[in-house]
Every structure is written in C-alpha cells, then in structure tokens.
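Residue numbers (this note's numbering): 120 to 413.
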C-alpha cells in the first residue's frame, strides 16, 4: 500500500523555510527555488497527494501549480479564517462576525481555493496539561460559516481541540476535524454520526517526545508524552467506534519535517491499531471529497 497522502501540511512553516517577508508575499526567484525544492522533497519520498492547512501569506497558493507540474496534487485554502482576537493570526485572516466571514468565503471562492479552513481553538498548552485557548467562533457563527462554504461548493476543515469545539464543528457539518486533542467519546460519536473525518495529527507531540536532553524542548517532554499517549488511545477508540481517520502530519509544526514528517505520521496512525489499508482508504477518500462539492 502506498503511503502517498498527507492530509495536513503547512508549506510556509518549518525550519527549512528561510524566505524573507518579501519572498513570502511576492513571486521571487528565492521563493520559486524554495517551493520547487519542497515539492521535490515530497515527490522523492513518494508523497504525492497533499492538503495544505494554509498560512497568513497564502504561500500554498503558489506551491499548488508547481506540484501539479510534477503530477502531484496539492489542495489549498490559501489562508485560514479565525475569529478576531483569537488564536490563528499566523494561519490567515481574522473575521469579526459571520457576515464578515461570508464575505471572506466568497472572496476565497473567487480566488480559486479548493476548500475553506476555519480555526476554532488554540494549541494545546505545554504549561498546563489539557488547556487551550477558548473557542474561536460562537457555535452559531461556526455553523453559519460552514453552511456558507457549502453553499459556495466548498468543503471545510476545522482546526479544533477539546470536546466542546469538536462537537460543535461536527454537528455543524464540517468535512474534517483537524487535531482534536482532548477528544472524548461523545465527541467521537459526533464525528461518526455526522460522517466527518478526523485528522488527528499525532506527529508534533510524538516527535517532541524524542528530542534529546540538550534540546530546548526537552523540558516539555513529560507533557508531550502524556498528550501523545492519550491521543493514541483516543485514535484507537475512535477507530473502534467507526470514526473515519485520515493521515495528516501537521508538517511545519515543531519537530515535524517536510516529507519525513508525512512518513512519521503514517507509522504513528498504524501504531494506533488502524490497518494500513483502512488509513489509506480514509485518507484517499478525504482527498477525493475535497476535490468535489459538498
């Protein structure tokens, strides 16, 4: 079975990105070289179907045609949309309310995005286990934004952690849940019942567990280990319940390198007890869905 899919990367993030701000916002020779090399890295490892999570500079808009020229698929939302005053600035644009979000979604549709990315919570804390920032959108706002995307023929992926936000996103009809740390069984059932797909992104904490004692992140290994172990158990339970689970590495995040991070994530998902064939089918189906209309 080919491990050729990664349903969650960020081409603008990661230690290999040495682009200046000017390179990030304009088509320069340095930017083209960087993006061409990045595409080549994935291609050389056999990872040829990729879904980007976006960034504030919409760099994934520039990499998608380069990937297509190599016969690869690189789906992109260009930018993510997040609630004004909440987490998500480095990923995209803030929206003040649902009406503002509707305007942004229509603009992105005209720009030719493949789907809409929404940010509904922050990252998991390395200072207080299990904590994250408050939810981004009010439940009705989130539901209205997802409905607007669907009305415009676009699927949605939602960055969200903790049960409340996961349940809100699933019941609103999101196509895929990204991350989902702190998930509980009620949230798993919500994902399953609403026929959403969960992309658990195990690699960031799994790889953080492996840093040596001299690494700046070594002090965070105990929390990283706890997050990873509990997330592994959750993925195994979700699979048992019948949740569709797809492979997405969150490459560009700390300790997740482009290309190799994708292969890491495949192994982590399989280690949770998913048959490789099942992980491949769910991942391939998700990529296929995001090419079409809801």
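In this text, a Cβ means the ideal position worked out from N, Cα and C, and glycines have one as well.
Assignment of residue 243 by DSSP, reduced to helix, strand and coil, places it in the coil class. Looking only at 310, 233, 320, the smallest Cα-Cα distance to residue 242 is reached by 320.
In the structure shown, residue 350 falls within a helical segment according to DSSP collapsed to helix, strand and coil.
Around residue 302, the same chain offers 282, 285, 353 as residues with beta carbons nearer than 7 Å, after the five sequence neighbours per side are excluded.
By the Cβ test, the region 138-154 is not in contact with the region 339-357, since fewer than three Cβ pairs between them sit closer than 8 Å. The beta-carbon separation of residue 153 and residue 189, rounded to 15 Å, does not stay under the 8 Å limit for a contact.
One thing to note: residue 292 has its Cβ no nearer than 9 Å to the Cβ of residue 263.
In the DSSP annotation of this structure, the continuous segment of the alpha helix (DSSP H) that includes residue 287 starts and ends at 282-290. DSSP places residue 153 in no beta strand (DSSP E) but in the uninterrupted alpha helix (DSSP H) bounded by 148-163. Contact between the region 228-240 and the region 362-382 is not established, with fewer than three Cβ pairs separated by less than 8 Å.
For residue 237, the closest C-alpha among the options 245, 259, 210 is that of 210.
For residue 193, the pairing in a beta bridge is given by DSSP as 169. Scanning its chain for C-beta atoms nearer than 8 Å, with the 5 sequence neighbours on each side dropped, one finds around residue 173 the residues 129, 179, 195, 196, 197, 198, 199, 210, 211, 236, in chain order. The continuous alpha helix (DSSP H) containing residue 261 extends over residues 258-270.
By a beta-carbon distance limit of 8 Å, residue 279 contacts residue 297. Their separation comes to about 7 Å.
Taking the Cα positions, residue 214 is about 29 Å away from residue 364.
Annotation for residue 276: the continuous beta strand (DSSP E) segment containing it runs 274-279.
Residue 236: member of the beta strand (DSSP E) spanning 234-238, first to last residue. As the crow flies, the alpha-carbon of residue 312 is around 43 Å from that of residue 145. In this structure, DSSP gives residue 213 an extended state, which the three-state scheme calls strand.
The beta carbon of residue 186 is closer than 6 Å to those of 158, 193 in its chain, skipping five residues each way along the sequence. Residue environment for residue 360: exposed (fewer than 16 other C-beta atoms within 10 angstroms of its C-beta). The beta-carbon separation of residue 367 and residue 126, rounded to 4 Å, stays under the 8 Å limit for a contact.
Following the DSSP letters along the chain, one finds residue 201 in no alpha helix (DSSP H) but inside the beta strand (DSSP E) bounded by residues 199-202. DSSP places residue 128 in the uninterrupted beta strand (DSSP E) bounded by 124-128. Residue burial annotation: residue 335 is exposed, with fewer than 16 other C-beta atoms found within 10 angstroms of its C-beta. Burial of residue 276 is indicated by the presence of at least 16 other C-beta atoms within 10 angstroms of its C-beta. The beta-carbon separation of residue 413 and residue 274, rounded to 5 Å, stays under the 8 Å limit for a contact. Secondary structure at residue 388: helix, using DSSP grouped into helix, strand and coil. Each residue's CA atom was taken as its position, placing residue 337 and residue 349 some 19 Å apart.
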